[in-house]
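Keeping their order, the protein sequence lines are chains B and W. Using the working numbering, count along the first sequence one by one with no gaps and you end on 232. Using the working numbering, count along the second sequence one by one with no gaps and you end on 467. Heads up, the beta-carbon is just placed ideally off N, CA and C, and yes, glycines get one too. To start, the structure itself, in structure tokens.
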Amino acid sequence: MSMQSDIHVTPVRRDIPEGGLLALDTVTLSRRHERMLAAAMRPCGGPAFWRLRKQREARDFLALAQVCGRLAVHELRLGEAFQAVAYMEVPVPCRPDETGRLRIAGGALIGLTYREEAVRLPAPGYAFANILAPHDVWHANVGGAEHGQPICLGQSMPAAIPLRELVLLIYGALSLQTVMIDERDVAGVMSADAARWWQQNLHRIPLTREPFIRPIEKGPAQEEARP
Amino acid sequence: MSASSAGAFETVVPTSRRGRAARVRVEARLPAFEGLSVDAPAALAGLRLAVVGAGSIGRNIVEKAARLHVGAVQVVDPGRFKPESLLTHCSLEPAEVDRRAPKARSAAEMAARISPATEVSYHAGPFEDLGPAALIDADAVLMATDNLAAEIAVAQHCLHLSKPLFHAAVYGEALLCQLRCYAHRPGRGPCLRCGLTPDEEDLLNRHVAFRCTGVAGERAVENRAVAATMSTAFLCSLAGDLAMNQVLRTALRLGSPVTDCQIEFCGYTWRTTVSPLPGRSPACRCDHTPWRVERLPGPVERRTLRELATRADLPGGSGGGSVQVDALLFVGLGVCPRCGLRPVRRFVAVGRPAGACDRCGAPLKAHPFFSSRPTPLAELGDVLDVPLGPLGADNAAGVVIRGADEGVLFRRQANGA
């Protein structure tokens, strides 16, 4: 997997399904996403139930990217685990500069992994997503770069949690709409230094109140550039 | 009593194989069972059992297996004794509670004292730490834990290896002992995960918690059972005895086979009920694929994955499947504290350093996103042609090559080659 961070969300026509996120399967995939899904399905391995599940999750994930207006899927792999690299437009807190001023990145390149055993058993909240860029995230629930910046989404994720819910949790966590900053709690805080800093800066929480699904702007819909 | 390490298991070596215990022969008290058609002492001496969970039920199973002079017992339990263990664990000395001894080691040492001829080994850690070949030699697996997640992992393991599984449990409030017997015949029969009720599913999600320290490879699973199993010592030992009775019947072919069923004994009604277990569900999230077991051809460190994939001869060839070596991770990229992401491309034990940075020599940590288990063969490229030794798997006990609906477990030769 490459780690380019110069990815931006390409504006596409966004048709939010009537059933909301539960109706992602009714969203017509763009041609690019269709091709991406077909390419990822070719080496799709594992037992039948897992192949089917990966296919469904991958389709939902691509549909979610089209619907939300803040997610660009860069890579998709279904060989064994479900793996994706996606850029999410979300304010991301980065380590304060020398003057102590918090820096905020406009988005994060996220490595998503959904393993087969997570369908059968509850999994740790840090087992699903790693922030691949920026490299200096300053967040109580994001582990250090030496551990690959895993983002902790909770003490335990229930077995077979839908991927779309994980994506929403990631957005909520990065934007600090949901955050756990009690550094004494071993089951949530991955950076005690950042947790203490945020306790002193509660007024900055959340970084945005924007919902994950961006409201559709008035005016002519923008079409995806098709080759 | 001393211990030596054999992979993930520690082997218990009795201080003497010449004492009084060693002179006792099982025939001295073994009944002439009705309908017995096999050489019972020989059958028992050849019987190899794995016991997962060495608490109040599992400890009793280990003890009774040792008193039958079975050939081998493997014990797995991550826990240590608490003062309350004295209330439910049979044959437990207060001194062991005082020093918070690991349950697995304590049970294994007890078995070795009772039957010095029995090969006894233990793993005082979670079952999930063990690789796919860990229980390969067991003729039957007995399970008695208070951890539903671990039980599902054990059942999944037994399904792949087509190992019979005996699941013993108690419900103290109703004076109820329960034994579920899974035959795990390839491709059919009930599966523990298939049979979970919605309540059990909910319990599974509520009872497991993880600590963030797990991200650094430390043990991270916590069993948040709302309350400890409430029962009595006699009910727990009765559940263990029911399990051992089934094992004995199966090993000595006594009576008609009792498989794929649930046996319940209720102390209130004084009734025993035998009922069939529910069949496999098409919606089950367990991998029901049975694995073929083959010996690794020659020394493991000289074998390449391409060779094994070819030997496995699974549909789709080496490009369509995946590989797992013991419980090792395949680490594509590691994190260097100075140089950032650096290539690793070898197998690494969870929580261990992933080698040294090729630029500055600093120790690398596995990057979770670029580490996998199992790993698609198609993503391994030139690694497929490198012998397993230089790939960090020189001591591998088992390599699984898995295709879409089949799998092959290559196990190390018995002499370690």
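What residues are listed by DSSP as bridge partners for residue i?
{"i": "residue 215 of chain W", "result": "W/191, W/232"}
{"i": "residue 110 of chain B", "result": "B/97"}
{"i": "residue 88 of chain B", "result": "B/82, B/118"}
{"i": "residue 155 of chain B", "result": "B/135"}
{"i": "residue 460 of chain W", "result": "W/344, W/449"}
{"i": "residue 314 of chain W", "result": "W/228, W/323"}
{"i": "residue 396 of chain W", "result": "W/381"}
{"i": "residue 386 of chain W", "result": "W/390"}
{"i": "residue 415 of chain W", "result": "W/385"}
{"i": "residue 124 of chain W", "result": "W/100, W/171"}
Below 7 angstroms between beta carbons: does that hold for residue i and residue j?
{"i": "residue 45 of chain B", "j": "residue 83 of chain B", "result": "yes"}
{"i": "residue 156 of chain W", "j": "residue 169 of chain W", "result": "no"}
{"i": "residue 468 of chain W", "j": "residue 395 of chain W", "result": "As displayed, chain W neither begins before 51 nor continues past 467, which places residue 468 of chain W out of reach and without an answer."}
{"i": "residue 177 of chain W", "j": "residue 126 of chain W", "result": "yes"}
{"i": "residue 317 of chain W", "j": "residue 195 of chain W", "result": "no"}
{"i": "residue 116 of chain B", "j": "residue 95 of chain B", "result": "no"}
{"i": "residue 27 of chain B", "j": "residue 69 of chain B", "result": "no"}
{"i": "residue 401 of chain W", "j": "residue 111 of chain W", "result": "no"}
{"i": "residue 156 of chain B", "j": "residue 123 of chain B", "result": "no"}
{"i": "residue 153 of chain W", "j": "residue 121 of chain W", "result": "no"}
{"i": "residue 404 of chain W", "j": "residue 416 of chain W", "result": "yes"}
{"i": "residue 205 of chain W", "j": "residue 448 of chain W", "result": "no"}
{"i": "residue 244 of chain W", "j": "residue 389 of chain W", "result": "no"}
{"i": "residue 297 of chain W", "j": "residue 362 of chain W", "result": "no"}
{"i": "residue 51 of chain B", "j": "residue 419 of chain W", "result": "no"}
{"i": "residue 67 of chain B", "j": "residue 92 of chain B", "result": "no"}
{"i": "residue 414 of chain W", "j": "residue 384 of chain W", "result": "yes"}
{"i": "residue 180 of chain B", "j": "residue 207 of chain B", "result": "no"}
{"i": "residue 399 of chain W", "j": "residue 181 of chain W", "result": "no"}
Might you give, ordered along the chain, the residues of its own chain that have their beta carbon closer than 6 angstroms to the beta carbon of residue i, omitting 5 neighbours on each side?
{"i": "residue 232 of chain B", "result": "Low confidence applies here, because residue 232 of chain B scores a pLDDT of 33, under 50, leaving its location unreliable and the question unanswered by this model."}
{"i": "residue 422 of chain W", "result": "380"}
{"i": "residue 48 of chain B", "result": "84"}
{"i": "residue 452 of chain W", "result": "371, 372"}
{"i": "residue 460 of chain W", "result": "344, 346, 358, 449"}
{"i": "residue 426 of chain W", "result": "372"}
{"i": "residue 355 of chain W", "result": "373, 434"}
{"i": "residue 109 of chain W", "result": "139, 157"}
{"i": "residue 56 of chain B", "result": "49"}
{"i": "residue 242 of chain W", "result": "205"}
Can you give me the Cβ contacts of residue i inside the same chain, cut-off strictly under 7 angstroms, excluding the 5 residues immediately before and after it?
{"i": "residue 20 of chain B", "result": "32"}
{"i": "residue 303 of chain W", "result": "87, 88"}
{"i": "residue 175 of chain W", "result": "128"}
Report all residues from its chain with a CB closer than 8 angstroms to the CB of residue i; omit the five preceding and five following residues, and keep chain order.
{"i": "residue 86 of chain B", "result": "118, 119, 120, 121"}
{"i": "residue 62 of chain B", "result": "87, 119, 167, 168"}
{"i": "residue 65 of chain B", "result": "29, 30, 167, 168, 169"}
{"i": "residue 254 of chain W", "result": "198, 199, 202, 246"}
{"i": "residue 149 of chain B", "result": "195, 196"}
{"i": "residue 144 of chain W", "result": "136"}
{"i": "residue 214 of chain W", "result": "189, 190, 191, 208, 231, 232, 233, 234, 300, 309"}
**Prompt:** Listed in chain order, which residues of the stretch 87-105 of chain B have Cβ atoms closer than 7 angstroms to some Cβ of chain W?
**Reply:** none
**Prompt:** Of all the residues that make up the stretch 137-162 of chain B, which are near chain W by a beta-carbon distance shorter than 8 angstroms?
**Reply:** 137, 140, 148, 150, 151, 152, 153, 155, 157, 160, 161
**Asked** Quick one, which residues of the stretch 335-360 of chain W are near chain B if we go by CB-CB under 9 angstroms, in chain order?
**Response** 335, 336, 337, 338, 339
**Prompt:** Taking one C-beta from the stretch 308-328 of chain W and one from the stretch 436-452 of chain W each time, how about it: are there three or more such pairs within less than 8 angstroms?
**Reply:** no
**Request:** Could you tell me whether the stretch 155-166 of chain B touches the stretch 127-135 of chain B, using the rule of 3 or more Cβ pairs below 8 angstroms?
**Result:** yes
**Message:** Along the stretch 426-459 of chain W, where does the CB come closer than 9 angstroms to a CB of chain B? Name the residues.
**Reply:** 426, 427, 428, 429, 452, 453, 454, 455
**Request:** Select from the stretch 55-78 of chain B all residues with a C-beta closer than 9 angstroms to any C-beta belonging to chain W, and list them in chain order.
**Result:** 55, 56, 58
**Residues, ordered as in the chain, of the stretch 300-321 of chain W that lie near chain B by beta-carbon distance below 8 angstroms** = none
**Request:** Using a Cβ-Cβ cut-off of less than 8 angstroms, give me the residues of the stretch 110-121 of chain B that come near chain W, in sequence order.
**Result:** 116, 118, 121
**Prompt:** Taking one C-beta from the stretch 97-110 of chain B and one from the stretch 138-149 of chain B each time, how about it: are there three or more such pairs within less than 8 angstroms?
**Reply:** yes
**Asked** Which residues, taken in chain order from the stretch 99-115 of chain W, show a beta carbon closer than 8 angstroms to some beta carbon of chain B?
**Response** none
**Message:** Tell me whether the stretch 175-190 of chain W and the stretch 92-109 of chain W touch, counting them as touching only if at least three CB pairs, one residue from each stretch, are closer than 8 angstroms.
**Reply:** yes
**Message:** Could you check whether the stretch 227-244 of chain W touches the stretch 298-312 of chain W, counting it as contact only if at least three pairs of C-beta atoms, one from each stretch, sit closer than 8 angstroms?
**Reply:** yes
**Prompt:** Using a Cβ cut-off of 7 angstroms, which residues of the stretch 371-386 of chain W contact any Cβ in chain B, in chain order?
**Reply:** 371, 372, 385
**Message:** Using 8 angstroms as the cut-off, can you tell me whether the stretch 197-208 of chain B makes contact with the stretch 164-174 of chain B, which would need three or more C-beta pairs spanning the two stretches below that distance?
**Reply:** no
**Request:** Count the C-beta pairs between the stretch 149-168 of chain W and the stretch 110-126 of chain W that are closer than 8 angstroms, then say yes if the count reaches three, no if not.
**Result:** yes
**Prompt:** Any contact of the stretch 335-354 of chain W with the stretch 424-442 of chain W, i.e. 3+ C-beta pairs under 8 angstroms?
**Reply:** yes
**Item:** Near-chain W residues of the stretch 160-182 of chain B (beta-carbon distance less than 7 angstroms), N- to C-terminal order
**Value:** 160, 161, 163, 164, 165
**Prompt:** Mind listing which residues of the stretch 192-224 of chain W have their C-beta closer than 8 angstroms to chain B's C-betas, in chain order?
**Reply:** 199, 202, 203, 206
**Prompt:** According to a CB-to-CB cut-off of less than 9 angstroms, which residues of the stretch 197-214 of chain B neighbour chain W?
**Reply:** none
**Message:** Taking beta-carbon pairs under 8 angstroms, can you tell me which members of the stretch 232-257 of chain W lie near chain B?
**Reply:** 243, 251, 254, 255
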